[in-house]
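Asks: According to our numbering, the stretch in the sequence shown is residues 78 to 774, in order. We treat Cβ as the ideally placed atom computed from N, Cα and C, and that holds for glycine. Note that the coordinates shown come from a computational prediction; the quantities given were computed from them, not determined experimentally.
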Amino acid sequence: MSDTDEYEFEEDYDMDTYGQDDDSPLTTDPEDSKPVQHGELVDEDEDDAEGEDMAWDDDDDLTSMVASSHALDETTSEMVQEAVTLAQTHLADPDVIQFTPLGPKFTLSVVDMHHATRQACGLTQADPLFLHLDLTKGFKRSSPRPLITVCHGPDGQPSTTSERPNPRFSIGIQLVSSVQKFIQDRWARKDEMFLVELYELAVERLTNCGNMCMLCDRELPFPGLKPTICEDKLCSYQLEKLGIGAGLGLIDTDIIVADFLICACLAAASSGSRIQFALPSMPTAEGKDETILPGRVVKALAATPVLAELPKDDDARSDALKEADPLLETIIRWIFATNRAHVVSMSPEEQFVEMATPYQFRISTSTRAHASAFESMKQRHGSFYAWHGSSAANWHNILRNNLKNASNTPMMSAGAAYGPGIYLAKNSSTSLAYSMRHSGFGAAMSLSRFWNSQFDGNLHILALCEVANAPQVQMHHNTGIITCTEETCVTLRYLFLFTATGAPAIDAEKLTPKEYRNDTTIVGMVPVSEIDPKHLLVTSDNYAWDIQELVQLIESKHGVFINGYTRLGFNNKDVKAIINHPSGEGARLSKLEAHNAALRKKIPEHVFRRLQDVGKICVAEVGEDYSKSTVAILELKAFIEGLSAEVKDALEKAPFEVQDSHSRLPFRDTVMHELELVTSAGDCIHRFGDFLMQVRP
Numbered sequence: 078m079s080d081t082d083e084y085e086f087e088e089d090y091d092m093d094t095y096g097q098d099d100d101s102p103l104t105t106d107p108e109d110s111k112p113v114q115h116g117e118l119v120d121e122d123e124d125d126a127e128g129e130d131m132a133w134d135d136d137d138d139l140t141s142m143v144a145s146s147h148a149l150d151e152t153t154s155e156m157v158q159e160a161v162t163l164a165q166t167h168l169a170d171p172d173v174i175q176f177t178p179l180g181p182k183f184t185l186s187v188v189d190m191h192h193a194t195r196q197a198c199g200l201t202q203a204d205p206l207f208l209h210l211d212l213t214k215g216f217k218r219s220s221p222r223p224l225i226t227v228c229h230g231p232d233g234q235p236s237t238t239s240e241r242p243n244p245r246f247s248i249g250i251q252l253v254s255s256v257q258k259f260i261q262d263r264w265a266r267k268d269e270m271f272l273v274e275l276y277e278l279a280v281e282r283l284t285n286c287g288n289m290c291m292l293c294d295r296e297l298p299f300p301g302l303k304p305t306i307c308e309d310k311l312c313s314y315q316l317e318k319l320g321i322g323a324g325l326g327l328i329d330t331d332i333i334v335a336d337f338l339i340c341a342c343l344a345a346a347s348s349g350s351r352i353q354f355a356l357p358s359m360p361t362a363e364g365k366d367e368t369i370l371p372g373r374v375v376k377a378l379a380a381t382p383v384l385a386e387l388p389k390d391d392d393a394r395s396d397a398l399k400e401a402d403p404l405l406e407t408i409i410r411w412i413f414a415t416n417r418a419h420v421v422s423m424s425p426e427e428q429f430v431e432m433a434t435p436y437q438f439r440i441s442t443s444t445r446a447h448a449s450a451f452e453s454m455k456q457r458h459g460s461f462y463a464w465h466g467s468s469a470a471n472w473h474n475i476l477r478n479n480l481k482n483a484s485n486t487p488m489m490s491a492g493a494a495y496g497p498g499i500y501l502a503k504n505s506s507t508s509l510a511y512s513m514r515h516s517g518f519g520a521a522m523s524l525s526r527f528w529n530s531q532f533d534g535n536l537h538i539l540a541l542c543e544v545a546n547a548p549q550v551q552m553h554h555n556t557g558i559i560t561c562t563e564e565t566c567v568t569l570r571y572l573f574l575f576t577a578t579g580a581p582a583i584d585a586e587k588l589t590p591k592e593y594r595n596d597t598t599i600v601g602m603v604p605v606s607e608i609d610p611k612h613l614l615v616t617s618d619n620y621a622w623d624i625q626e627l628v629q630l631i632e633s634k635h636g637v638f639i640n641g642y643t644r645l646g647f648n649n650k651d652v653k654a655i656i657n658h659p660s661g662e663g664a665r666l667s668k669l670e671a672h673n674a675a676l677r678k679k680i681p682e683h684v685f686r687r688l689q690d691v692g693k694i695c696v697a698e699v700g701e702d703y704s705k706s707t708v709a710i711l712e713l714k715a716f717i718e719g720l721s722a723e724v725k726d727a728l729e730k731a732p733f734e735v736q737d738s739h740s741r742l743p744f745r746d747t748v749m750h751e752l753e754l755v756t757s758a759g760d761c762i763h764r765f766g767d768f769l770m771q772v773r774p
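Take a look at the structure:
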């Protein structure tokens, strides 16, 4: 076919014929839609109003945008089908690329991603990502470049495109940016390996997402765990002006971590002579080529209101922060977006009682390469736990660049009396002394004098690290100090924050990390360590179960999958793990599950409408007494009582999977169980409304 010949052998084209080298919306000045080069500064004086066109709305569904596109014409369809077929012959799994009426569709598995990276990217389900190329404008070398869409899971949400970035889908933005750059480089000279290499690039960027800037695709000098930006001014501009990859959602999902990150930045900005190491990069003022100076960062953060008292509505919260200080929202968004570590508050059940502080976190700062190197060292040499202490002023940098061997460099803050290396200790009291040096707030200055942090008192931070017992690790037995010259021998596992109370003196070897959230089984109270390994099941919330006991519990509840510890429903991933447990014990639940799922058809349309109407009332109401919501919930309860036995049975047993709008985590439950939680257990009214609004036939 002549068009195929053109696809394979067409002469080179002058890219200037088709516009700028980089016309991506991710690198476009939203104020006038002019293409700008990476690093090029935009005109500061133009009207900001047009930039609002890029705003994202929760109701936006980009999959419908793709679905509504025109199909490929006959010639292009033949070219694309041939290219896809050819690419499939070069791939180990040909099914990862498929032909669709709009162009090729790539399936990107998340299974090989580090679990902490998946969590940090918001990929809470094991479903793959899908990357679509819309080639409806042609596949010739002279054709316009394609629209790129990335979405997650079978329902296609969340999603983002090269025309309209979704600021809440950072990994999607990164994949679009990387693929876009690849297409810009290769579009006019694509060959039979074009689609293969595009797929391989996407897989590499997904599994190592913390290695490259999520916006310009440049390599980061200090790789991290999750998508973030480099220090290029244009990337900072897009982060702050458009909100790409930056959000305030952390305040909703983990307010203690949000508080901690703000404190760490404030300490770094207050660190005086060490500012260049504590705070190596700074945000820029919105829409301007002006770096915000450390003193101005301190002033803005000092005005931060109590985080728990901020409005839940995104716009109202932004207004409240700007009212406190015009730069405050920009700085906090920058703090959250540039943090490369994955930090999660530990629940009371997970915490180390011996540490005597409620502020305990799991932490991972390791890239895939670092984690792989550490595990290799650990397999060869074994490992042990040790403490690391560093002043509050240093943690803003550590969270972005990991622990570094700073001995005998300008970054060194505590000397190198025992030689070069990362310094650790057997006992927490030794590391605590290091954490009290060069405090960003002064030796006895309280955080509460700076802003409304929940950390009342001078902040000291200790890390519990896992250390590979390799030759690069030296024990100085008389002092209890440990030095490690190789950074990949150390990985951060836990953080502990102490204020006025101080930290207890504990040997790390006596502090055994808790493997599961529960110590015994829920019914028989059998120690988890005594569960037959063949019957052990660990659900995604890190509870350990005896599968036989769990199956009996679910059967006693007529097939409703409820976690007896949390009283919340298991998510779909856990339900599948229970039913498909290798022991075969869960197989008998499959009939119950299918029966209950079919009960959704028994619920009349007017009942679904009533549920969604009540959900809207619960979500919309803001206040302390929630009077309208309370009335609506009580009326709903009475309404359900008047339904037929068949419909009530369906509302009690039929499972619905929804997504928490704040945490973006999926959860699954029945209508009656959610109603019980909100009326009897004092569950969140907004969460209940969120659930009802997503209940569908």
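1. Would V334 be called buried (16 or more neighbouring beta carbons within 10 Å of its own) or exposed?
2. Which complete alpha helix (DSSP H) runs does the region 621-703 hold, if anything under 4 residues is left out?
3. Indicate the three-state DSSP secondary structure (helix, strand or coil) for D170 in the structure shown.
4. Identify whether A132 lies in helix, strand or coil by the three-state DSSP scheme.
5. What are the complete alpha helix (DSSP H) segments, minimum 4 residues, inside the region 188-242?
6. By the three-class DSSP mapping on this structure, what secondary structure does K267 have?
7. Leaving out the 5 sequence neighbours to the left and right, which residues in its chain are closer than 6 angstroms to P223 when beta-carbon positions are compared?
8. Using the C-alpha atoms, what's the distance from I440 back to N648?
9. State the Cα-Cα distance for the pair E88 and Q175, rounded to the nearest angstrom.
10. Assign V420 to buried or exposed, taking buried as 16 or more other Cβ atoms, counted over all protein chains shown, within 10 Å of its Cβ.
11. Classify D609 as helix, strand or coil using the three-state DSSP reduction.
12. For the structure I just gave you, are there three or more beta carbon pairs, one from the region 651-658 and one from the region 671-681, closer than 8 angstroms?
13. Taking the straight line between their C-alpha atoms, what separation do you get for C770 and R295?
14. Looking at the structure shown, is S506 part of a helix, part of a strand, or coil, going by DSSP?
15. Assuming the contact rule is C-beta atoms closer than 8 angstroms, A160 and L272 should be a hit. Round their C-beta distance to whole Å, please.
16. With a cut-off of 8 angstroms, do at least 3 Cβ pairs link the region 585-605 to the region 557-569?
17. Where do the N-terminal and C-terminal ends of the alpha helix (DSSP H) with H763 fall, by residue?
18. Hey, L645 and F744: beta-carbon distance below 9 angstroms or not?
19. Note the first and the last residue of the continuous beta strand (DSSP E) segment covering L539.
20. How long is the line joining the alpha carbons of Q158 and I260, rounded to whole angstroms?
21. Can you name, in chain order, every residue of its own chain whose Cβ lies under 7 angstroms from the Cβ of T381, other than the five neighbours on each side?
22. Going by beta carbon distance, what residues of the same chain come within less than 7 angstroms of L509, once the five residues before and after it are set aside?
23. Give me the DSSP bridge partner(s) of Y571.
24. With distances taken from CA atoms, which of N535, H635, Y620 is nearest Y642?
25. Beta-carbon within less than 8 angstroms of V615's beta-carbon, same chain only, minus the 5 sequence neighbours each way: which residues are those?
26. Indicate whether H473 and A377 have their beta-carbon atoms separated by less than 9 angstroms.
27. Along the beta strand (DSSP E) that carries V374, what are the first and last residues, could you check?
28. So is D336 in contact with chain D if we call contact Cβ pairs under 9 angstroms?
29. Buried or exposed for K611, please, with buried defined as at least 16 other CB atoms from any protein chain shown within 10 angstroms of its CB.
30. For the structure I just gave you, are there three or more beta carbon pairs, one from the region 325-333 and one from the region 379-398, closer than 8 angstroms?
31. Rounded to whole angstroms, what's the CA-CA distance from T368 to K389? Just pull it up for me.
32. So, at 6 angstroms on beta carbons, what are the nonlocal neighbours of T507 in its own chain, with the 5 sequence-adjacent residues on each side left out?
33. Taking C-alpha atoms, which residue in E632, L630, Q456 lies nearest to A547?
34. Using alpha carbons as the reference points, say which of R773, S239, R263, L370 lies closest to F216.
35. Look at I710 and F765 and say whether their C-beta atoms are less than 9 angstroms apart.
36. Could you give the distance in angstroms between the alpha-carbon of L627 and the alpha-carbon of S606?
Replies: With the structure as the only source:
1. Under the 10 Å beta carbon count, V334 is surrounded by 16 or more other beta carbons and is classified as buried.
2. Within the region 621-703, the complete alpha helix (DSSP H) runs of at least 4 residues are 624-633, 649-656, 666-675, 682-697.
3. Coil at D170, not helix or strand.
4. The predicted model places A132 with a pLDDT of 45, which falls under 50 and marks its position as unreliable; any figure quoted below should be read in that light. In the structure shown, the three-state DSSP call for A132 is coil.
5. Within the region 188-242, the complete alpha helix (DSSP H) runs of at least 4 residues are 192-197.
6. If DSSP states are grouped into helix, strand and coil, K267 belongs with coil.
7. Within the same chain, P223 has close Cβ partners L210, D211, L212.
8. Between the C-alpha atoms of N648 and I440 there is a straight-line separation of about 24 angstroms.
9. Interpretation of E88 is limited by its pLDDT of 33, a score under 50 that renders its predicted location unreliable; the figure taken from the coordinates is listed afterwards. As the crow flies, the alpha-carbon of E88 is around 28 angstroms from that of Q175.
10. Taking all protein chains in view, the Cβ of V420 is crowded by 16 or more other Cβ atoms within 10 Å, so the residue is classified as buried.
11. D609: coil per DSSP, three-state reduction.
12. Judged by Cβ distances under 8 angstroms, the region 651-658 makes no contact with the region 671-681, as fewer than three pairs qualify.
13. The residue you asked about is not Cys; residue 770 is Met in the sequence shown. Distance between the alpha carbons of M770 and R295 is about 41 angstroms.
14. S506 falls in the helix class under three-state DSSP.
15. A160 to L272, Cβ: 6 angstroms. Contact.
16. Three or more beta-carbon pairs separated by less than 8 angstroms are not found between the region 585-605 and the region 557-569, which leaves the two stretches without contact.
17. If you look at H763, you'll find it in the alpha helix (DSSP H) that goes 762-771.
18. Yes, these two residues count as a Cβ contact at 9 angstroms.
19. Note, L539: beta strand (DSSP E), 537-545.
20. Their backbone Cα atoms lie some 18 angstroms apart in a straight line.
21. Its chain contains I339, A401, L405, W528, N529 as the residues whose beta carbon lies nearer than 7 angstroms to that of T381, once the 5 sequence neighbours on both sides are disregarded; these appear in chain order.
22. If we look at L509 and ignore the five residues flanking it on each side, its Cβ neighbours are G466, H537, L539, A580.
23. Paired residues: R439, L541.
24. Considering only alpha carbons, the answer is Y620.
25. Correct list, in chain order: Y593, A621, W622.
26. No, the pair does not count as a contact, with Cβ atoms beyond the cut-off.
27. Note, V374: premise wrong, no beta strand (DSSP E); alpha helix (DSSP H) at 371-379.
28. Among the chains of the structure shown, chain D does not appear; only one protein chain is present.
29. Answer is exposed; the Cβ neighbour count stays below 16.
30. Put simply, the region 325-333 touches the region 379-398. At least three CB pairs are less than 8 angstroms apart.
31. The alpha-carbon atoms of T368 and K389 are separated by roughly 29 angstroms.
32. Closer than 6 angstroms at the Cβ level, and outside the excluded window around T507, lie G557.
33. Nearest of E632, L630, Q456 to A547, Cα basis: Q456.
34. From the listed residues R773, S239, R263, L370, the smallest Cα separation to F216 is found for R263.
35. Against a cut-off of 9 angstroms, the Cβ pair of F765 and I710 comes out as a contact.
36. So the two alpha carbons sit approximately 16 angstroms from each other.
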